[in-house]
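Trainee: So the sequence shown is numbered by the UniProt record's numbering: it starts at 1 and just counts up by one.
We put the beta carbon where it would ideally sit given N, CA and C, even for glycine.
Owing to the predicted nature of the structure, the values given are computational and were not obtained by experimental measurement.
Once you've had a glance at the structure underneath, I'll fire off some questions.
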Amino acid sequence: MTNQKQAMLYGLATVLLWSTVATAFKLALAELAPVQMLLVACAASVLVMGGILMAQGRWHLVFELSRRQYLQSVGMGLINPCLYYFFLFGAFDRLPAQEAQPLNYTWALVLAYLSVPFLGQKLRRIDILAGLVCYAGVVVIATRGAVTSLSFSDPLGVAFALGSTLVWASYWIIATRDTRDPVVGLFLNFLFGLPFITLACWYTVGLDLPLGGSLTAAVYVGVFEMGIAFVLWSQAMKKAENTAKVSNLIFISPFLSLVFIYFILGEIILPSTYVGLTLIMAGLWLQQQKVRVRQRGLDHG
Numbered sequence: 001m002t003n004q005k006q007a008m009l010y011g012l013a014t015v016l017l018w019s020t021v022a023t024a025f026k027l028a029l030a031e032l033a034p035v036q037m038l039l040v041a042c043a044a045s046v047l048v049m050g051g052i053l054m055a056q057g058r059w060h061l062v063f064e065l066s067r068r069q070y071l072q073s074v075g076m077g078l079i080n081p082c083l084y085y086f087f088l089f090g091a092f093d094r095l096p097a098q099e100a101q102p103l104n105y106t107w108a109l110v111l112a113y114l115s116v117p118f119l120g121q122k123l124r125r126i127d128i129l130a131g132l133v134c135y136a137g138v139v140v141i142a143t144r145g146a147v148t149s150l151s152f153s154d155p156l157g158v159a160f161a162l163g164s165t166l167v168w169a170s171y172w173i174i175a176t177r178d179t180r181d182p183v184v185g186l187f188l189n190f191l192f193g194l195p196f197i198t199l200a201c202w203y204t205v206g207l208d209l210p211l212g213g214s215l216t217a218a219v220y221v222g223v224f225e226m227g228i229a230f231v232l233w234s235q236a237m238k239k240a241e242n243t244a245k246v247s248n249l250i251f252i253s254p255f256l257s258l259v260f261i262y263f264i265l266g267e268i269i270l271p272s273t274y275v276g277l278t279l280i281m282a283g284l285w286l287q288q289q290k291v292r293v294r295q296r297g298l299d300h301g
């Protein structure tokens, strides 16, 4: 099997996992407060990523970093998982999954815009057009189709969802200067973030966690969304001979996610969700065109 085929398989496996997490979020939040869900998921993720590093024979890398890099882990851990998942789980706690999930996908566009002042990249006209299309989709979903009234179904929930995109994009901009092994870096970020999450949980809603389906769903999120999916996607990017083809697989995820949301959560998918999601994906597709052009240049170079 060629490296590209392996990359596509890793990518498809990741997309399948990503497609299930919106449903898992809602199942977990049925009985858990967002901060409790974050505590359980983060703890499960730390165990899984630690196990992966041991299985790969790379556990020793955890102890070979400089003091500055360990301090970096604390700072980045406060952003992801602490702040990012606080916003994301807060959005899913307040909004239907069919609304919160598509809004979160606009992080890629936010990343392109933040890359202009922080990474010195140029903003092209197609980036502006992509933004207009994307955020038109956001308005359609957030107003449930009542675009002219601009009456948002849950303004705070929408703010949480869009806030999560800003935090996530900022995290990846900071990560461009991160020289640590990606899995080691994420493991340490979550490990150092865990005590802060535990304290926040203890201080606000308490550490008495209900046993049952919600707890299982939170563990699922930690194992698969926060842990295994990241490792699989890293492998896909590492093996890819054409990264654009692998990256385009992400466009499958939100539509597949609606299938799980409908059949497992029983949410009736609104027409506005389909329209808004299509606009968001179209905007992201436009924004991806510079990646395709660059990739073609590399393929023919």
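The alpha helix (DSSP H) spanning Ser115 covers which residue range?
Mentor: Translated into positions along the sequence shown, residue 115 becomes position 115. That run of the alpha helix (DSSP H) goes Trp107 to Leu119.
Trainee: For Asp208, count neighbouring C-beta atoms within 10 Å of its own C-beta (all shown protein chains included) and say buried if the count is 16 or more, exposed if not.
Mentor: Locating residue 208 in the sequence shown gives position 208, where the first residue counts as 1. The residue in question, Asp208, is exposed, as its Cβ has fewer than 16 Cβ neighbours within 10 Å.
Trainee: Going by beta carbon distance, what residues of the same chain come within less than 6 Å of Ala7, once the five residues before and after it are set aside?
Mentor: The residue given as residue 7 occupies position 7 in the sequence shown. Hits under 6 Å: Ala236, Lys239, Ala240 and Val246.
Trainee: Over the uninterrupted alpha helix (DSSP H) stretch that includes Val48, give me the two end residues.
Mentor: To locate residue 48, count along the sequence shown from 1; it is residue 48. Taken as a continuous stretch (DSSP letters only), the alpha helix (DSSP H) holding Val48 covers Pro34 to Ala55.
Trainee: Which of the three DSSP states, helix, strand or coil, is assigned to Asn104?
Mentor: The residue given as residue 104 occupies position 104 in the sequence shown. Helix at Asn104.
Trainee: Let me know the alpha helix (DSSP H) ranges lying completely inside the UniProt domain "EamA" (156-286), each 4 residues or longer, listed in chain order.
Mentor: 182-204, 213-220, 229-239, 243-247 and 253-260
Trainee: Taking the CB atoms as reference points, tell me whether Ser73 and Leu65 lie closer together than 9 Å.
Mentor: Within the sequence shown, residue 73 is the residue found at index 73, counting from 1. Within the sequence shown, residue 65 is the residue found at index 65, counting from 1. Yes, the Cβ-Cβ distance between Ser73 and Leu65 is below 9 Å.
Trainee: As a quick exercise: from Trp233, Ile52 and Leu39, pick the residue whose alpha carbon is nearest that of Ala218.
Mentor: Your numbering for residue 218 matches position 218 in the sequence shown. With distances taken between Cα atoms, Ala218 lies closest to Leu39.
Trainee: In chain order, what residues of the same chain have a beta carbon less than 7 Å from the beta carbon of Gln36, not counting five sequence neighbours either side?
Mentor: Translated into positions along the sequence shown, residue 36 becomes position 36. Closer than 7 Å at the Cβ level, and outside the excluded window around Gln36, lie Cys201, Val205 and Leu209.
Trainee: Could you tell me which of Ile52, Cys42 and Ile250 sits nearest to Asn189, measuring between CA atoms?
Mentor: Mapped onto the sequence shown, residue 189 falls at position 189. When only C-alpha atoms are compared, the closest one is Cys42.
Trainee: Which residue from Ser19, Leu83 and Leu17 puts its Cα closest to that of Tyr171?
Mentor: Position 171 of the sequence shown, counted from the first residue, corresponds to residue 171. Here the closest residue by C-alpha is Leu83.
Trainee: Just reading off the alpha helix (DSSP H) that Gly77 is part of, what are its end residues?
Mentor: For the purposes of this step, residue 77 is taken as the residue at position 77 of the sequence shown. Arg67 to Gly77 is the extent of the alpha helix (DSSP H) around Gly77.
Trainee: Give me the Cα-Cα distance between Leu95 and Leu279, rounded to the nearest whole angstrom.
Mentor: Residue 95 sits at position 95 when you count from the first residue of the sequence shown. Residue 279 sits at position 279 when you count from the first residue of the sequence shown. Rounded to whole angstroms, Leu95 to Leu279 spans 19 Å at the Cα level.
Trainee: Just to confirm, is the Cβ distance from Asp93 to Ala112 under 9 Å?
Mentor: Indexing the sequence shown from 1 puts residue 93 at position 93. Indexing the sequence shown from 1 puts residue 112 at position 112. No, the Cβ-Cβ distance between Asp93 and Ala112 is not below 9 Å.
Trainee: Is the CB-CB distance between Ser19 and Met226 below 9 Å?
Mentor: Translated into the one-based positions of the sequence shown, residue 19 becomes position 19. Translated into the one-based positions of the sequence shown, residue 226 becomes position 226. Their beta carbons are not under 9 Å apart, which means Ser19 does not touch Met226 by this criterion.
Trainee: How is Leu132 classed by DSSP in three states: helix, strand or coil?
Mentor: For the purposes of this step, residue 132 is taken as the residue at position 132 of the sequence shown. Leu132 falls in the helix class under three-state DSSP.
Trainee: Report the rounded CA-to-CA distance for Gly145 versus Val275, giving the unit in angstroms.
Mentor: In the sequence shown, counting from the first residue as 1, residue 145 sits at position 145. In the sequence shown, counting from the first residue as 1, residue 275 sits at position 275. So the two alpha carbons sit approximately 9 Å from each other.
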